[in-house]
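>
In the UniProt record's numbering, the protein residues as written are 1 to 256.
#1: What's the gap between the Cα of residue 130 and the Cα of residue 85?
#2: With residue 125 as the anchor, note down where its beta strand (DSSP E) starts and where it stops.
#3: Which term fits residue 44, buried or exposed, when burial requires 16 or more other beta carbons within 10 angstroms of its beta carbon?
#4: Would you kindly check if the distance between the Cβ of residue 241 and the Cβ of residue 23 is under 7 angstroms?
#5: For residue 122 and residue 147, which I take to be in contact (beta-carbon distance under 8 angstroms), what is that distance rounded to the nearest angstrom?
#6: Three-state secondary structure (DSSP) at residue 104?
#7: Using only CA atoms, which one of 151, 178 and 125 lies nearest to residue 254?
#8: At what residues does the alpha helix (DSSP H) containing residue 219 begin and finish?
#9: Would you check if there are 3 or more beta carbon pairs closer than 8 angstroms linking the region 161 to 174 to the region 190 to 197?
#10: Along the beta strand (DSSP E) that carries residue 34, what are the first and last residues, could you check?
#11: Quick one: is residue 208 buried, meaning 16 or more other Cβ sit within 10 Å of its Cβ, or exposed?
#12: Since residue 124 contacts residue 16 with CB under 8 angstroms, what's their CB separation in whole angstroms?
#13: Taking the alpha carbon of residue 111 as the point to measure from, which residue in 164, 157, 136 and 202 has its own alpha carbon closest?
#14: Is residue 80 buried or exposed, if buried means 16 or more other CB atoms sit within 10 Å of its CB?
#15: Could you work out which residue in 39, 77, 250 and 114 is closest to residue 94 when comparing CA atoms only?
#16: Looking only at C-alpha atoms, which of 224, 245, 251 and 211 sits nearest to residue 27?
#17: Which residues bound the alpha helix (DSSP H) around residue 163?
#18: Does the Cβ of residue 152 have 16 or more other Cβ atoms within 10 Å, making it buried, or fewer, making it exposed?
#19: Between which two residues does the alpha helix (DSSP H) harbouring residue 95 extend?
Here it is, written out as structure tokens:
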């Protein structure tokens, strides 16, 4: 039975989609069967893996016009990686979910039947705490939170953690925090080291040992519709995410 992990942070530009794409690809290359769910109207995870955003997508699943099994696509160059695509239409789901009975549980109903087919289902959430993101938290078993090593990194985390706490108490009692992932790290900057130290001191074992360093290849890869390991397998970003995938698997073996 697969595990559903939501990648969430309402602050934009923290490396959330980059992490979703590259962690999913790295896990698949290692041998795990992965489904990446693009739950962001910007559809960057979809386009970043070379898939067409102008097609039937997760919005059609939410509105009941398509089943997930019918629209899931295989990543062109990674055999064990499937994608449930998104598009700008997903913006409309925020309104439509209000009118659906048990609307906050719609994504759970979509993804639950898919769990036996995958080792992990990763959900790339939008940089907001709207109804679609709430749906992802209700559907998820855990939440992975990227934290960039920059000024204001910890600002707003309290709001996200309160949302997770509320979701756990009222809608999804099994929801746990998968971990905090430090991203965009530059060892030359004193501030980056300060943020890394603060996160480790505050969250302890919940902080991943792996740190994602700032890397040009990670930024370039999406424009070619590839994860970093296909764009430049020797790059620092590729190595970082492969290490994260190994740590992620090891951590989940301990909790299995």
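Quick reminder that beta carbons are idealized off the backbone N, C-alpha and C, glycines included.
Treat the numbers as computed from the prediction; the structure is a model and nothing was measured.
Considering the structure as presented:
#1: 19 angstroms
#2: Following the DSSP letters along the chain, one finds residue 125 inside the beta strand (DSSP E) bounded by residues 120 to 125.
#3: Taking all protein chains in view, the Cβ of residue 44 is crowded by 16 or more other Cβ atoms within 10 Å, so the residue is classified as buried.
#4: yes
#5: Incorrect: roughly 17 angstroms between the Cβ atoms, too far for contact.
#6: Note: residue 104 maps to helix in three-state DSSP.
#7: The option with the nearest alpha carbon to residue 254 is 178.
#8: 216 to 220
#9: no
#10: 34 to 39
#11: Here residue 208 is buried: its Cβ has 16 or more other Cβ atoms, across all protein chains shown, within 10 Å.
#12: 7 angstroms
#13: Taking only the C-alpha atoms, the option nearest residue 111 is 136.
#14: buried
#15: Nearest of 39, 77, 250 and 114 to residue 94, Cα basis: 39.
#16: 245
#17: 157 to 170
#18: Around the beta carbon of residue 152, fewer than 16 other beta carbons sit within 10 angstroms, so the residue counts as exposed.
#19: First-last of the alpha helix (DSSP H) with residue 95: 93 to 99.
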